[in-house]
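Q: One structure, pasted below without further comment.
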Amino acid sequence: MSTLPAHVLDEIRELPAKYPQQRSAVMPALDLAQEELGYLTPEAMSEVAVALQLDPGYVEGVATFYTLFHLEPIGKHRFYLCTNLSCTLRGANEIVKHVRGAIGVHEAGEVSKDGLFSYEEVECLGACEYAPVARLDRRYQVDLTNQKVDALIAERRNPVVQPPHPAAPLAQPTSPRSGEVKPPKKRTKKSG
Amino acid sequence: MAEQRGTVGGPVLTEWFATRDLHKLDVYESLGGYTALRKVLKEMTAAQVIDEVKISGLRGRGGADFPTATKWSFVPKDHPGPKYIVVNADESEPGSAKDRYLMENSPHMLIEGAAIASFAISGHQAWIYIRGEYDLPYEMLRDAIAEAHAKGYLGEHSFGTDYPMDVRLYRGHGAYICGEETALLESLEGKRAQPRSRPPFPAVKGAWGMPTAVNNVETLSTVPWIMRHGGAEYAKRGTERAKGTRMVTVSGDVQKPGNYEIEIGVTYRHVIEELAGGALPGRKIKVFWPGGSSAKVLPGSMLDTSTDLDYLKSIGTMGGSGGIIVMDDSHCVVKAAARLLRFYAFESCGKCTPCRVGGNWAVRTYERILAGEGSQIELGILERVSDGLQNGRCLCGLGDAAGWVIESTMRHFHNEYEEHSLHNVCSVEAALAHA
Amino acid sequence: MPDVNVTIDGHKLAVPAGMLVVEAAKLVGIEIPVFCYHHKLDPVGACRLCLVELSPGPPRPQTGCTTPVAEGMVVKTLSPMAVQARADILEFELVNHPLDCPVCDKGGECPLQDFTFRHGYPTSRIDGPRLHFKKPIPLSETIALDRERCVLCYRCTRYYDEVAWEQELTVGQRGVQSFITSQFDQPLQSIFSGNIIDLCPVGALTSRVWRFESRPWDMTHTASICSKCAVGCNVNLWQRRGQLVRVTARENDDIDEGWICDRGRFDYTDVNDPTRLRTPRIRGAKATWADALQAVAEGIKGKKVKLGISLPADITNEEAFLFRSLLDGPLRGARVKMHGRTALPLPLGETLRIKEIDDARVLVVVASDTENEVPIVNLRIKKAVSKRGARLIVIHPDGVDLDRDPRTVHIRNAPGSAAAEVRKLASNELLKSAGGLVAILYGDGLGSEEIVDLAKSCRELAEAVGGKVMPLYRATNERGALAAGVAGWDSLDGVEALLSWGPPPTAGIPKSVKFLAVWDHLPRPQNEKAAVVLSATTFAQRQGSYTNLEGTVQFLRPPIEVDQPLKDSWEVLTELGVALGMNLDYAGIFAIQREAAATIPAMAALAQPPSAEPEPQPVLVGPAHP
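Going down the list, the protein sequences come from chains A, B and C.
Each residue of the first sequence is one higher than the one before, starting from 69 at the first, in the numbering used here.
Each residue of the second sequence is one higher than the one before, starting from 22 at the first, in the numbering used here.
Each residue of the third sequence is one higher than the one before, starting from 205 at the first, in the numbering used here.
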């Protein structure tokens, strides 16, 4: 009785063909497994290893190295809260405290009683101009305030069916040009 | 001070960014996108492409600042197997958000640049290694690549020629060390991301053992413009030695944090005060990191420093990845340094002894200092660790960067360190309490 | 490539181009300390302990283990830059290292101790708590892991991946939290696991079989040969107070390259078993050797085909020679069965040597699970494939561990049809375009193959494609025994008298046996039925030689003396022969060896005295203090 369903294992088995060498399939394979189960159990990692014809130890070594692979349950929605320098300067520590209280846990990693939330303090997410920043459900939530946090939590406690996200930029560019560099000339004719 | 050459032309990277839906291929193309790649494939040789980029003076924008054309020329074009361009989209340097910004606004620009770069090294496949947290840029790149395939710009017959060209995506999974090019290659190969000893360099033995050039997102995003306008045009911007424009991210204690394209050579005062709105009301800028947390700090008194990359090296710091972090007088430098050391220790891959052990030793020492258990001994330990992290001890730059944080903050703010270690006092917090 | 001139700490020398700086320094007796570097593993430059000053070069120290020498290079290991770098790294190594020396088995042969004493700072500046892990962790029944002592040189995991092609040992987490672990905390399964004990430069990986047994300076050791299989790896046998306390590898690049398998490393505790047989017994009562041998002779003489003799797998050349003379004489017609042997006959023509596997361009492995039958040859095959780019073809009905490399071509034959598949290979593209030596190694498929035809097909293939063959014997000295004329393929069914020499026959004592004489080193349930029990020596006490599967004769050097009332086996055989009416008289084992060398061409090497005891490795001394 395997942990991963057959169709996931089939997809994993097809991965090595997409890369110049077989081992490159490990991380995408672990992604599929984590998608399916929410986190990676030793059994799941072993099954991934077998499907890729590698030793489980190899897969375990890779999975424990990278922070986006979770080896314990994380709840349905995980707040990845940046507390690196820029975000701390703009109040990230207070956001962390607020999240902790709002989702009802005592520490990072703990899953809320309803199984919906957990949080983790992470390093720079690369959206420093919008500090403080969090990653939640595969999207960045920026310019965080306590109210925003409360709204994000409420939406997920009482979800309304959302239309699918079209992929679009985070925001229109904030300040694309400096004062020294002249603005682009108006185009009169399009060249082919 | 570096020679300021005056304003020339308009923006390069963000030229079209005011256009809605620039991430869509037809919009990108309507403005002139993909004309460079078409011209390169149909009319130019690889050597000509390298020459044009050499004339432009373009240097790597990921922090290493290495001449791009030179890096491409190291790849042996007669090598019988595949040759790879690997795009370093792992942007994880604290303070740096420019690559995300570029990818979200114009994914096709990166794709076009990566394809031109592949052509320059006689390769047919570029891999974009994008950090796992960048879900939105990943999806946008994925969709953009699909658009390019559908239009025949990527595929077996790129632009109808018999030159196959492909761009592939690979997601990282949370490790700052993957920003180091050889660690990135290890991760691409499905391993724990630990940097390799060099030599051999990636140009000889890179991704999957094949000749590889690893380039930053911004570097490659600049290439289409250079091919459209010519390298000489690009070289008119910037300073005598550090040519062109670059993206910077300004964050921290400023009024208008954001990503800005600047001409290389403007001062930090211009960037921080004029572009980013300067200090928050009632505050003074105490210290800033000129190019990501790994760049040695400069005190607020040095805001007139030029952004010329060579100049910055000559005064002992660096332009790095352009992530300018500004901190004002309401924050404690020792606490900031401690937080950054926690970052470096957490992200250390663990391969080499000094970074693995030294980073953690520094973190524990900072903890003791900030818990009021400091003394002259702890200050000595910080100096000793900082020394042991530099001077060629470490296998890669992560360890050195941790050492630079300690050394530069101690040099410019020794008083704060002494207050904490010897007197268990934080004058910053004391001042805030009295305010 | 011509030699390259370098200067190391003022010494001028010419060394082969491509040699690493750390290796060049050894040539003039200069020690550049290393942890992660090992001459049999790819260099990584991880531990940073070997930092030296190189000119021409950058104004920073460079790792000597990853830098090959260049013409005119000047290496300084004693400049202030180099000395301080080394002391700094050692200090970092000690920051979290536990103060375990008094209870750590590595003490006395510990590079960390030695390097710190010779190259480290004289006083410790380390204050405050160290990193802690739960310890010791049993990685298997034979290996213990102490994560606090580990310096994360990664030799163990790199060895596992590079040399053994397995990844059951791995690294968990990253940064200072990294630790070595077996996959999901399962016990290590690999037959190659024990080498990590020899590799580990600190006391992180230790032998549980030897745990807390003795200090290195309490032991003496001899340079001997492993007796567990036909490869004949070179080993050191360590004794203390008459006990065999441990077995370690002894590097011989022609055969084992410094690796041994777990059978050789850990299967020795029977030597120290307190219940070992010491005195001959007749029907349970103590007897003299003379009486006991007389009783044996009475029981077995003149029985012809009704006599069965079971031989041990590790019979030596000398014992086989003596035994042959008994078989030609009073024991003519007896049925002889050797433990655990293959059905492979002596090869005709030249045999591939193990070290030639390194140069092979294509390797063909037929009818053998090399991992279990000839483990260290299996490692050599893996090295040829992964480090020398050789191609590998396997002919075997089942999957084998060599399949771990995706480029391995595995032909799954129906059992019994291996020879046919070998013949088909003559037209195989890989072999036709090999561009160099083709190595053909063949076993007996555990009895499933028609062996004479298989050997013939391999020989024919070798001639066709420019290759050499190697028969993969299983029992230690099959080849030597065959050369002496002792095959040991007979069945023991229906014999009435049985001389069981070594462990009891695997199929059990045949029911037809009326007279049982046992010559063994341990008491067994079967001994109850025995009329006579002779006490045997063990491999740790045995003089003599083995011929390994490639035909090399190697001499044993027992670390433990044969003490009364035990008797050397050659003496027992001689006296048994006399009791059977033969005229045998040898002054010592050397006399037997000279006679065997004169009579049997394959044993000519026995006449040569064994090479001198290898010199102990000199301690290369560096500066005591920076």
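Backbone N, C-alpha and C fix where the C-beta goes; we use that ideal spot for every residue, glycine too.
Since the structure is predicted, the reported quantities are computational estimates derived from the model, not experimental observations.
Taking any Cβ of chain B, which residues in the segment 184 to 197 of chain A have a Cβ under 9 Å from it, in chain order?
A: Under the 9 Å Cβ criterion, the segment 184 to 197 of chain A contributes V190, E191, C192, L193, G194, A195, C196 and E197.
Q: Taking C-beta to C-beta, are E295 (chain C) and L316 (chain C) nearer than 9 Å?
A: No; because the gap between Cβ atoms is not below 9 Å, this pair is not in contact.
Q: Please return the same chain residues whose Cβ sits closer than 7 Å to the Cβ of R192 (chain B), not counting the five positions on each side in sequence.
A: Hits under 7 Å: I151, G153 and Y159.
Q: So the alpha helix (DSSP H) P534 (chain C) belongs to, where does it begin and stop?
A: Careful: P534 (chain C) lies outside any alpha helix (DSSP H) and carries neither H nor E.
Q: T426 (chain C) by DSSP, collapsed to three states: which one?
A: Looking at T426 (chain C) - three-state DSSP - the assignment turns out to be strand.
Q: Helix or strand or just coil, what does DSSP make of K715 (chain C)?
A: DSSP places K715 (chain C) in coil when its eight states are reduced to three.
Q: Report the option in A:F137, A:D182 and A:F133 whose CA atom is closest to the CA atom of A112 (chain A).
A: The option with the nearest alpha carbon to A112 (chain A) is A:F137.
Q: With 8 Å as the limit, tell me which residues of the segment 409 to 426 of chain B have their beta carbon closer than that to any beta carbon of chain C; keep them in chain order.
A: The segment 409 to 426 of chain B vs chain C, Cβ under 8 Å: G409, N412, G413, R414, C415 and L416.
Q: How close, in whole Å, do the beta carbons of A289 (chain C) and R683 (chain C) come, if the pair is a contact with beta carbons under 8 Å?
A: Contact doesn't hold; Cβ gap of about 52 Å is too wide.
Q: Is S259 (chain A) close to chain B? Criterion is C-beta to C-beta, closer than 9 Å.
A: In this predicted model, S259 (chain A) has a pLDDT of only 35, less than 50, meaning its place in the structure is not dependable enough to derive any value.
Q: Indicate whether the contact test is met: 3 or more Cβ pairs, each with one atom in the segment 52 to 63 of chain B and one in the segment 240 to 259 of chain B, closer than 8 Å.
A: Touching, yes, given that three or more Cβ pairs across the two stretches are closer than 8 Å.
Q: To which residues of the same chain is D657 (chain C) closer than 7 Å at the C-beta, ignoring the five residues directly before and after it?
A: Within the same chain, D657 (chain C) has close Cβ partners A623.
Q: Is there a Cβ of chain B sitting closer than 9 Å to that of G129 (chain A), yes or no?
A: Yes, G129 (chain A) lies at the interface with chain B (some Cβ there is under 9 Å from its Cβ).
Q: Would you check if there are 3 or more beta carbon pairs closer than 8 Å linking the segment 476 to 491 of chain C to the segment 723 to 743 of chain C?
A: Cβ pair count under 8 Å is three or more, so yes.
Q: Which residue from C:G311, C:N300, C:H336 and C:F337 puts its Cα closest to that of R329 (chain C)?
A: Nearest option by C-alpha distance: C:N300.
Q: Less than 9 Å between the C-beta atoms of V355 (chain B) and A366 (chain B), yes or no?
A: No, they are not a contact pair.
Q: Leaving out the 5 sequence neighbours to the left and right, which residues in its chain are closer than 7 Å to S259 (chain C) when beta-carbon positions are compared?
A: Within the same chain, S259 (chain C) has close Cβ partners V278.
Q: Please name the residue or residues paired with T452 (chain C) in a DSSP beta bridge.
A: According to DSSP, which records beta bridges pairwise, T452 (chain C) is partnered with C:N440.
Q: According to a CB-to-CB cut-off of less than 7 Å, which residues of the segment 129 to 148 of chain A neighbour chain C?
A: Cβ contacts with chain C: G129, T132 and F133.
Q: Taking all protein chains shown into account, decide if L530 (chain C) is buried (16 or more other Cβ within 10 angstroms of its Cβ) or exposed.
A: Burial call: buried.
Q: Taking C-alpha atoms, which residue in C:V782, C:F794 and C:M786 lies nearest to S749 (chain C)?
A: Measuring from the Cα of S749 (chain C), the nearest candidate turns out to be C:F794.
Q: Going along chain B, which residues have a C-beta under 7 Å from G249 (chain C)?
A: Correct list: S218 and L416.
Q: How far does the alpha helix (DSSP H) with Y105 (chain B) in it reach, from first residue to last?
A: Not the alpha helix (DSSP H): Y105 (chain B) falls in the beta strand (DSSP E), residues Y105 to A110.
Q: Could you pull out every residue in the same chain whose Cβ sits closer than 7 Å to the Cβ of S259 (chain A), ignoring the five residues on either side in sequence?
A: Its pLDDT being 35, under 50, S259 (chain A) is placed unreliably by the model, and nothing is read from it.
Q: Could you spell out where the beta strand (DSSP E) holding Q758 (chain C) opens and where it closes?
A: Q758 (chain C) -> beta strand (DSSP E) spans V757 to L760.
Q: When the Cα atoms are used, what is the spatial distance from G159 (chain A) to P200 (chain A)?
A: If I take the Cα positions, the gap works out to 7 Å.
Q: Is it right to say Q102 (chain A) is buried, meaning 16 or more other beta carbons lie within 10 angstroms of its own, or is it exposed?
A: Under this definition Q102 (chain A) is a buried residue.
Q: Under 9 Å, Cβ to Cβ, is there at least one residue of chain A near E370 (chain C)?
A: Yes - at least one Cβ of chain A is within 9 Å of the one on E370 (chain C).
Q: Is the CB-CB distance between R611 (chain C) and L596 (chain C) below 9 Å?
A: The answer is yes: Cβ separation under 9 Å.
Q: A721 (chain C) by DSSP, collapsed to three states: which one?
A: Looking at A721 (chain C) - three-state DSSP - the assignment turns out to be strand.
Q: How far does the beta strand (DSSP E) with D331 (chain B) in it extend, from its first residue to its last?
A: Unbroken run through D331 (chain B) is the alpha helix (DSSP H), L330 to S335; no beta strand (DSSP E).
Q: Could you tell me whether any Cβ in chain B is nearer than 9 Å to the Cβ of S382 (chain C)?
A: S382 (chain C) counts as touching chain B.
Q: If we define contact as Cβ-Cβ less than 9 Å, is V378 (chain B) a contact residue for chain C?
A: So yes, V378 (chain B) belongs to the interface.
Q: From S208 (chain B) to T473 (chain C), what does the alpha carbon distance come to, in whole angstroms?
A: The alpha-carbon atoms of S208 (chain B) and T473 (chain C) are separated by roughly 45 Å.
Q: Using the beta-carbon count (16 or more within 10 Å), is P375 (chain B) buried or exposed?
A: With 16 or more other Cβ atoms within 10 Å, it is buried.
Q: To the nearest angstrom, how far is the alpha carbon of T242 (chain A) from that of G273 (chain B)?
A: Note that T242 (chain A) scores 45 on pLDDT, short of 50, meaning its location in the model is unreliable and no value can be drawn from it.
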